[in-house]
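Student: In the numbering used here, the protein residues as written are 6 to 270. Think of the CB as a built atom: it goes at the ideal place given N, C-alpha and C, for glycine as much as any other residue.
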Amino acid sequence: MSDVQAPARGPRAYAAFIGIGLLAGLLSGLFGVGGGTVIVPLLVLLLHFDQRLAAGTSLAAIVPTASVGVISYATTGSVAWIPAIILAAGAVVGAQIGTRLLPRISQTALRWGFVGFLVVVIVSLFLVIPSRDAAFELSWLTGIALVGVGVGTGILAGLIGVGGGVIVVPVLMLAFGTSDLVAKGTSLLMMIPTAISGTVGNLRNRNVDLLAAALIGVSACTTTALGAWLATIVDPTLGNMLFAAYLVVIAVQMAIKAVRGRKRG
Numbered sequence: 006m007s008d009v010q011a012p013a014r015g016p017r018a019y020a021a022f023i024g025i026g027l028l029a030g031l032l033s034g035l036f037g038v039g040g041g042t043v044i045v046p047l048l049v050l051l052l053h054f055d056q057r058l059a060a061g062t063s064l065a066a067i068v069p070t071a072s073v074g075v076i077s078y079a080t081t082g083s084v085a086w087i088p089a090i091i092l093a094a095g096a097v098v099g100a101q102i103g104t105r106l107l108p109r110i111s112q113t114a115l116r117w118g119f120v121g122f123l124v125v126v127i128v129s130l131f132l133v134i135p136s137r138d139a140a141f142e143l144s145w146l147t148g149i150a151l152v153g154v155g156v157g158t159g160i161l162a163g164l165i166g167v168g169g170g171v172i173v174v175p176v177l178m179l180a181f182g183t184s185d186l187v188a189k190g191t192s193l194l195m196m197i198p199t200a201i202s203g204t205v206g207n208l209r210n211r212n213v214d215l216l217a218a219a220l221i222g223v224s225a226c227t228t229t230a231l232g233a234w235l236a237t238i239v240d241p242t243l244g245n246m247l248f249a250a251y252l253v254v255i256a257v258q259m260a261i262k263a264v265r266g267r268k269r270g
């Protein structure tokens, strides 16, 4: 017998979808992330969604959210278009590799490894403050590096369901010397083709609650531009500290999953 519960409905559920969308949109615009790290756990905890259905619904909601975010960042010239396309191409390939590797690799080990990665990033965010004037210099070397980052991001997304922004934003800032605003705008653009590709597959497997995705996505669109605007007026040092706090929450979530997975094992 399946233990997958039917998606929640009714006034409480609709209000929750809108509230989740408003929060996810704000964080998406502020940090350049998709919002899945907010949407998925809240759908599971508040509305008792199945994990796969929550992930598929979140991915569908990210498409309009990221699109509004890209437009918001593009108005200030904070999107590196070609690097974003390179990252997206790598991520689409990497996601396919990740899903194929999924049955062969220990989820617990992967989660602890990702927690370790986040700890390094969090510490680095306090040591390296990006310059708002820094431009992304694209060369053959950086292009190849971007492909590698994209593939690696896609593999992790396929293996443990972590969205690209959590990886791409700090890597662009810390490894490529990109300004925080360009890193966020580029990250959001990279997510769109990846999210569309994943959503098409999830629709085939009926892993998307279309009504929930629409309500969350439309709600998120109303606050994404606000988040992107806040990112431009927040001092880069404070921006790094806020992003580090956001990553701490994600690291704790992942550590809890790793502990639970180990106990089940």
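1. Can you give the Cα-Cα distance for residue 6 and residue 84, rounded to whole angstroms?
2. Hey, would you say residue 112 sits closer than 8 Å to residue 266, going by beta carbons?
3. When you compare only the Cα positions, how much space is there between residue 39 and residue 240?
4. Output yes or no for whether 8 Å exceeds the beta carbon distance between residue 5 and residue 99.
5. At which residues does the alpha helix (DSSP H) containing residue 170 begin and terminate?
6. Cα separation between residue 32 and residue 229?
7. Locate the alpha helix (DSSP H) running through residue 131, then write down its first and last residues.
8. Evaluate residue 255 with the Cβ neighbour count: other Cβ atoms within 10 Å of its Cβ, from every protein chain shown; 16 or more gives buried, anything less gives exposed.
9. CB residue 88 to CB residue 204, shorter than 8 Å?
10. Report the rounded CA-to-CA distance for residue 54 versus residue 30, giving the unit in angstroms.
11. Which class does residue 9 belong to by DSSP, given the choice of helix, strand or coil?
12. Let me confirm a value: residue 242 is counted as buried when at least 16 other C-beta atoms fall within 10 Å, else exposed. Which label applies?
13. What first and last residue would you give for the alpha helix (DSSP H) that runs through residue 228?
14. Just how far apart, CA to CA, sit residue 79 and residue 133?
15. Relative to the C-alpha of residue 250, which candidate in 94, 18, 194 and 36 has its C-alpha closest?
16. Find the nearest neighbour of residue 213 within the set 62, 246, 220 and 21, judged by alpha-carbon distance.
17. CA-CA distance, residue 145 and residue 70?
18. State the start and end residues of the unbroken alpha helix (DSSP H) segment that holds residue 22.
19. Between 181, 26, 225 and 220, which lies nearest to residue 141 when the distance is taken from Cα to Cα?
20. So residue 25 and residue 41 are supposed to be a Cβ contact under 8 Å. How far apart are they, rounded?
21. Residue 171 and residue 252: beta carbons closer than 8 Å?
Tutor: Taking the definition as stated:
1. Residue placement at residue 6 is flagged as unreliable, the pLDDT there being 38, under the threshold of 50; the coordinate-derived value follows with that caveat. Near 48 Å, if we compare the C-alpha coordinates of residue 84 and residue 6.
2. yes
3. 22 Å
4. This structure does not reach residue 5, given that the chain is present from 6 up to 270, and the question cannot be answered.
5. 170–179
6. 7 Å
7. 112–132
8. buried
9. no
10. 20 Å
11. Note that residue 9 scores 47 on pLDDT, short of 50, meaning its location in the model is unreliable and no value can be drawn from it.
12. exposed
13. 215–238
14. 24 Å
15. 36
16. 62
17. 31 Å
18. 16–36
19. 181
20. Between residue 41 and residue 25 the Cβ distance is about 11 Å, and since that is not below 8 Å, they are no contact.
21. yes
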